[in-house]
DNA sequence: TCACAGGAGTTCTATATAAGAACCCATATG
DNA sequence: CATATGGGTTCTTATATAGAACTCCTGTGA
């Protein structure tokens, strides 16, 4: 499967992954959320080749995740900024950071702390339910086919999943 | 930068990306959360080559995100299940799904709906603050160096960020 | 005016990673 | 015994990435 095919899948994960499911793209987005905006700043921080950086930025702009904003008028330069669509990736990035903090921080502890200006405290991100505001546990979620559903991707015959039945998500352990 | 170098960065995003920052890995994890557990089920659903599938599963097991559980005794077979470490990736996957639902669903609507068994309602994931339970807006978050911090990766001199000063995250637009 | 510097890329080649198909092995089943 | 199934591994070819060099534009100092 190529990148372009991914975007056509009937699955929001596949479609999102077709945009951000690449190590460099995720690192670029991390830096965007840290207020990095100029080509050479990205280059210096990431240790990425200019070639790949230019390519990823172009794709993110084409996707509407970033936008090129001109600045400095004499030699007009451009910086890359998150659009609202890009800002909406914040939960993805924060969830990634939090998992890394939890499982990959090593003994010296997490590299960054997050301070919530709104409440004045250091915090961790918590995934909650838009209906009841409770913390969401994967074992308490069922998946139902939505309006844009087809049969589950590439699974030829599975009556339990196609006839409107719900699937209990996950039962690890 | 190679995959292996990524894991050594002083950044939770980079470290997490070294584990899951690959399109196939993310799609495999999506399926894990949908109760897919057997090699050939993954293969059929994903349209992945067996080679790559075997490789990704092996890496996820080595990372402790999945574990191989024997089942069926006559010919002993194995299935892949999420560990707690793997289950803790749920916010990452849900955030990805939600972004895809928001921006990539097309006119037919989202492919899947999520039902929260705990409260009985359909829901969307919301990222909240562990301190105040409020919704987190990226513009209201500052980042501070944590105990495991070095200077920000590969940025030689930036006094504003090294001397304990906080960085306001993001100011797109 | 000329040489040089910085920002922002693009082009080139060598190497690493992924795709696709075929092959292997053990156990079961007809 | 021939074939099927789960669960891989090995091979060759295609694609993506790394690393370095080259381009172009606009300023600035000598």
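Residue numbers (our numbering), protein chains in the order written: chain A, 2 to 174; chain B, 2 to 174. By construction, the Cβ of each residue, glycine as well, lies at the ideal position given by its N, Cα and C atoms.
- The beta-carbon of residue 102 of chain B is placed less than 8 Å from the nearest beta-carbon of chain A.
- Near chain A, meaning a CB-to-CB distance below 8 Å, the residues of the region 71 to 91 of chain B are 82, 83, 84, 85, 86, 87, 88, 89, 90 and 91.
- Under the 8 Å criterion on CB atoms, residue 29 of chain B is classed as non-interfacial with respect to chain A.
- Scanning chain A for C-beta atoms nearer than 9 Å to the C-beta of residue 60 of chain B yields nothing, as the closest lies near 14 Å away.
- Annotation note: the region 64 to 111 of chain A contains the following uninterrupted beta strand (DSSP E) runs of length 3 or greater, listed N- to C-terminal: 67 to 72 and 78 to 83.
- If you ignore the 5 residues before and after residue 134 of chain A, its C-beta comes within less than 6 Å of no other C-beta in its own chain.
- Less than 8 Å divides the Cβ of residue 46 of chain B from the Cβ of residue 37 of chain B.
- The straight-line gap separating the alpha-carbon atoms of residue 72 of chain A and residue 78 of chain A is approximately 5 Å.
- At a beta-carbon threshold of 7 Å, the residues of chain B lying near residue 125 of chain A are 131, ordered along the chain.
- Membership of residue 130 of chain A in the beta strand (DSSP E) is indicated by the continuous run 126 to 130.
- Here residue 31 of chain B is not bridged, per DSSP, to any residue.
- For residue 20 of chain A, the enclosing alpha helix (DSSP H) covers residues 13 to 21.
- Contact check between the region 118 to 127 of chain B and the region 22 to 36 of chain A: fewer than three CB pairs, one atom from each, fall below 8 Å, which does not count as touching.
- The residue from A:128, A:123 and A:124 with its alpha-carbon nearest to that of residue 125 of chain B is A:128.
- Setting aside the 5 residues that flank it on each side, residue 11 of chain B is surrounded in the same chain by 149, 150, 151 and 154, each with a C-beta closer than 8 Å to its C-beta; the list follows chain order.
- Taking a cut-off of 8 Å on C-beta distances, the region 11 to 25 of chain B touches the region 101 to 112 of chain A, as three or more cross pairs fall below it.
- Here residue 84 of chain B is near residue 66 of chain B, since their CB atoms are less than 8 Å apart.
- Against residue 7 of chain A, the close residues of chain B are 24, in the order they occur along the chain (beta-carbon pairs closer than 7 Å).
- DSSP, reduced to helix, strand and coil, places residue 36 of chain A outside both helices and strands of the structure shown, so it counts as coil.
- In terms of Cα proximity to residue 62 of chain A, the closest of A:44, A:123, A:131 and A:21 is A:21.
- The shortest C-alpha to C-alpha distance from residue 100 of chain A to any of B:103, B:104, B:88 and B:105 is the one to B:88.
- With a 10 Å radius around the Cβ and a threshold of 16 neighbouring Cβ atoms, residue 70 of chain A comes out exposed.
- Residue 105 of chain B counts as buried, since at least 16 other C-beta atoms from the protein chains shown sit within 10 angstroms of its C-beta.
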